[in-house]
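Going down the list, the protein sequences come from chains A and B. For what it's worth, full-length UniProt numbering labels the leading residue of the first sequence as 1, then goes sequentially. For what it's worth, full-length UniProt numbering labels the leading residue of the second sequence as 1, then goes sequentially. Backbone N, C-alpha and C fix where the C-beta goes; we use that ideal spot for every residue, glycine too.
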Amino acid sequence: MRIYLIALCFILFACQSKTYKVTEIDTKQVIIDSTYNKSNEIEAFVKPYRKKINNEMNKALAYSPKAMFKSEAKLNTSIGNLMADAVLELGNPILSQRENLKIDAVLLNYGGIRGGINKGEVTTRTAYNIMPFENEIVVAKLDSLRFKQLITYLVEAKRAHPIAGLNLTLQANGQLQLVEVNGKPLNQAFYYVATSDYLVKGGDHMSFFTKADTTYNLNYKLRSLLIDYFEQQDTLSSKVDSRFTQLNPKS
Amino acid sequence: MKRRHFIKTTSTAAAIGVSGIGLSSFTKPQHQKHITILHTNDVHSHIDPFPKNHSKYPNLGGASRRFNYINHVKNENPNTLILDAGDAFQGTPYFNFYGGELEYKIMSKLGYHASTIGNHEFDNGIDNIAAQLEHAQFDLLNANYDLRNTSLNGLTKPYQVFEVDGINIGIFGLGIELEGLVSKDLYKETKYLDPVEVAKDQVEILKQQEHCDLVICLSHLGYSYNSKKIDDLKLAKQTHGIDLIIGGHTHTFLDQPIPTKNAKGNNVIVNQVGWAGINVGRIDFYLDDLNNWENTGTSQEV
Numbered sequence: 001m002r003i004y005l006i007a008l009c010f011i012l013f014a015c016q017s018k019t020y021k022v023t024e025i026d027t028k029q030v031i032i033d034s035t036y037n038k039s040n041e042i043e044a045f046v047k048p049y050r051k052k053i054n055n056e057m058n059k060a061l062a063y064s065p066k067a068m069f070k071s072e073a074k075l076n077t078s079i080g081n082l083m084a085d086a087v088l089e090l091g092n093p094i095l096s097q098r099e100n101l102k103i104d105a106v107l108l109n110y111g112g113i114r115g116g117i118n119k120g121e122v123t124t125r126t127a128y129n130i131m132p133f134e135n136e137i138v139v140a141k142l143d144s145l146r147f148k149q150l151i152t153y154l155v156e157a158k159r160a161h162p163i164a165g166l167n168l169t170l171q172a173n174g175q176l177q178l179v180e181v182n183g184k185p186l187n188q189a190f191y192y193v194a195t196s197d198y199l200v201k202g203g204d205h206m207s208f209f210t211k212a213d214t215t216y217n218l219n220y221k222l223r224s225l226l227i228d229y230f231e232q233q234d235t236l237s238s239k240v241d242s243r244f245t246q247l248n249p250k251s
Numbered sequence: 001m002k003r004r005h006f007i008k009t010t011s012t013a014a015a016i017g018v019s020g021i022g023l024s025s026f027t028k029p030q031h032q033k034h035i036t037i038l039h040t041n042d043v044h045s046h047i048d049p050f051p052k053n054h055s056k057y058p059n060l061g062g063a064s065r066r067f068n069y070i071n072h073v074k075n076e077n078p079n080t081l082i083l084d085a086g087d088a089f090q091g092t093p094y095f096n097f098y099g100g101e102l103e104y105k106i107m108s109k110l111g112y113h114a115s116t117i118g119n120h121e122f123d124n125g126i127d128n129i130a131a132q133l134e135h136a137q138f139d140l141l142n143a144n145y146d147l148r149n150t151s152l153n154g155l156t157k158p159y160q161v162f163e164v165d166g167i168n169i170g171i172f173g174l175g176i177e178l179e180g181l182v183s184k185d186l187y188k189e190t191k192y193l194d195p196v197e198v199a200k201d202q203v204e205i206l207k208q209q210e211h212c213d214l215v216i217c218l219s220h221l222g223y224s225y226n227s228k229k230i231d232d233l234k235l236a237k238q239t240h241g242i243d244l245i246i247g248g249h250t251h252t253f254l255d256q257p258i259p260t261k262n263a264k265g266n267n268v269i270v271n272q273v274g275w276a277g278i279n280v281g282r283i284d285f286y287l288d289d290l291n292n293w294e295n296t297g298t299s300q301e302v
């Protein structure tokens, strides 16, 4: 009988789920540094991918006869002009084919130029250095008021934001002397401005883009466009030019 | 879909963990159960360590070294869960080239049990997440995105219960509001639900229906904002029943996990370990059966 009771108890308690409570907690944070050896298994797994990426990144796309960095000049730079011209040249056929429209001007942002071009071989890695993000080209349809705000933004910033299709001359005192779009004064009701999806959402305080009448995403990454442009150019020839200048202060 | 995963311990572990008492030489002898949680967040495709000449994190991180650390801990305590709080994707050419395949394959090799959906998981579109899940041998958990009208429908779970050495560990995931952060054409028909209400429901299910002893939230909400925007600290204060919130998104480096009081005044731990796999967080839970059923059983011989 006694044995039976014990057995019964055992069965009962076996069915009864236990209630565990946390009674103590230890916490720590471990820095993953070279005190931990590399795992051969993971290294062997990653190796072919790493090799493929390095091969791809080291692929020569073009030749640059000079170094191009955004610190080159105040109002327009070789690398900025290259980027803006590339967007105009490779973006236009897409907008034309899809929407039967033409890009009037390009505006990117100076801060978005994340790296430079060294003299010599231009590789895929160069494009990743200049543009590591996945931003895509978007064309914004701006009415004349918003477009004038864009011009005011450039005049006030006095920075080498990459532009194309535009010609701006500042007086010595910093006031606007002349503005032209493709050689013509401002006389259109709307302007089609190619930019990035980051800026079209108002990034870098370009709030005029958020008031765009319509936007057209070309689904073309800025980095992919640069890679395509490099391959097409073969030898890069961008230089500082007269698209955005300031008259010399009188001495 | 399996609602409960029984975590098999390794052969060395079996000898240690199989008995009811479950004491290993590394377990504090005064406790009956020992569960270790290892966690990362915002690894952002950092499969290789930072370069040796890196200005901020020279030669730190790397999946291969992390694997050795994980194995080191598992040898200490086989009753270990490896968790991640999202944004495994985006940040190095590994993602640009392979779209997340490598990240998920490596997390699988490293033995991750679960992760959640960070905003950067959407960078190549929601359909890409669905495609890459083929490479994931871990659970992708999210409870506050309604994914019914997306390609992720049925591929993720709100929560998963892991049974480790007789302890039921319920883990659920929470994601950040996507509107304004990710473009709609990437997240498509994903609908964001209130994380606090969802968390309350999840705790209820995990405690009442799934009889969990431990509840862990994998959050990609962010650690703390000055605004009213929901964050991990606010979540901790507005809910109860969660033991640990493993956070991400804000790339927050904390000197140590933050003990916080929940809505009932009980402790909840909030932690986040920076980003890029520079750190791994380790939380050791020791548990005891306070009702002490075994002893009661033997004393009832009368």
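Near residue i, which residues of its chain fall below 8 Å by C-beta distance, leaving aside the five closest residues on each side in sequence?
i: residue 238 (chain A); result: 68, 78, 79, 81, 82 and 85
i: residue 181 (chain B); result: 119
i: residue 208 (chain A); result: 142, 146, 147, 149, 150 and 153
Using a Cβ-Cβ cut-off of 8 Å, state whether residue i counts as contacting chain A.
i: residue 93 (chain B); result: yes
i: residue 286 (chain B); result: yes
i: residue 138 (chain B); result: no
i: residue 31 (chain B); result: yes
i: residue 66 (chain B); result: yes
i: residue 256 (chain B); result: yes
i: residue 145 (chain B); result: no
i: residue 183 (chain B); result: yes
Determine the burial state of residue i: buried for a count of at least 16 other Cβ atoms within 10 Å of its Cβ, exposed for fewer.
i: residue 172 (chain A); result: exposed
i: residue 156 (chain A); result: exposed
i: residue 98 (chain A); result: exposed
i: residue 33 (chain B); result: buried
i: residue 66 (chain B); result: buried
i: residue 54 (chain A); result: exposed
i: residue 39 (chain A); result: buried
i: residue 175 (chain A); result: exposed
i: residue 243 (chain A); result: buried
Taking the alpha-carbon positions, what's the residue i to residue j distance?
i: residue 107 (chain B); j: residue 136 (chain B); result: 7 Å
i: residue 173 (chain B); j: residue 211 (chain B); result: 18 Å
i: residue 49 (chain A); j: residue 134 (chain B); result: 18 Å
i: residue 81 (chain B); j: residue 122 (chain A); result: 46 Å
i: residue 73 (chain A); j: residue 167 (chain A); result: 16 Å
i: residue 251 (chain B); j: residue 275 (chain B); result: 5 Å
i: residue 94 (chain B); j: residue 147 (chain A); result: 39 Å
i: residue 123 (chain B); j: residue 233 (chain A); result: 30 Å
i: residue 45 (chain A); j: residue 59 (chain B); result: 20 Å
i: residue 57 (chain A); j: residue 125 (chain A); result: 5 Å
i: residue 214 (chain A); j: residue 163 (chain A); result: 20 Å
i: residue 189 (chain B); j: residue 39 (chain B); result: 30 Å
i: residue 24 (chain B); j: residue 223 (chain A); result: Bear in mind that a pLDDT of 42 at residue 24 (chain B), under 50, signals an unreliable position, so the number given afterwards is only what the model happens to contain. Taking the straight line from one Cα to the other gives about 54 Å.
Can you find a CB in chain B that lies within less than 8 Å of the CB of residue i?
i: residue 18 (chain A); result: yes
i: residue 21 (chain A); result: yes
i: residue 57 (chain A); result: yes
i: residue 39 (chain A); result: yes
i: residue 121 (chain A); result: no
i: residue 196 (chain A); result: no
i: residue 204 (chain A); result: no
i: residue 27 (chain A); result: yes
i: residue 134 (chain A); result: yes
i: residue 36 (chain A); result: yes
i: residue 33 (chain A); result: yes
i: residue 42 (chain A); result: yes
i: residue 252 (chain A); result: Beyond the ends of chain A as shown, which are 1 and 251, falls residue 252 (chain A); an answer cannot be given.
i: residue 230 (chain A); result: no
Skipping 5 residues on each side, what residues in its chain have a beta carbon closer than 6 Å to that of residue i?
i: residue 8 (chain B); result: none
i: residue 74 (chain B); result: 80
i: residue 63 (chain B); result: 47 and 106
i: residue 130 (chain B); result: 151, 152 and 155
Going by the beta-carbon positions, is the gap between residue i and residue j smaller than 8 Å?
i: residue 106 (chain A); j: residue 279 (chain B); result: no
i: residue 273 (chain B); j: residue 265 (chain B); result: no
i: residue 180 (chain A); j: residue 61 (chain A); result: no
i: residue 35 (chain B); j: residue 290 (chain B); result: no
i: residue 135 (chain A); j: residue 114 (chain A); result: no
i: residue 239 (chain B); j: residue 199 (chain B); result: yes
i: residue 37 (chain B); j: residue 258 (chain B); result: no
i: residue 247 (chain B); j: residue 85 (chain B); result: yes
i: residue 108 (chain A); j: residue 196 (chain A); result: yes
Within its chain, find whatever has a CB closer than 7 Å to the CB of residue i; leave out the 5 residues flanking it on each side and keep chain order.
i: residue 66 (chain A); result: 119
i: residue 303 (chain B); result: Outside the shown range of chain B, which is 1 to 302, sits residue 303 (chain B), and nothing can be said about it.
i: residue 231 (chain B); result: 221, 222, 223, 224 and 225
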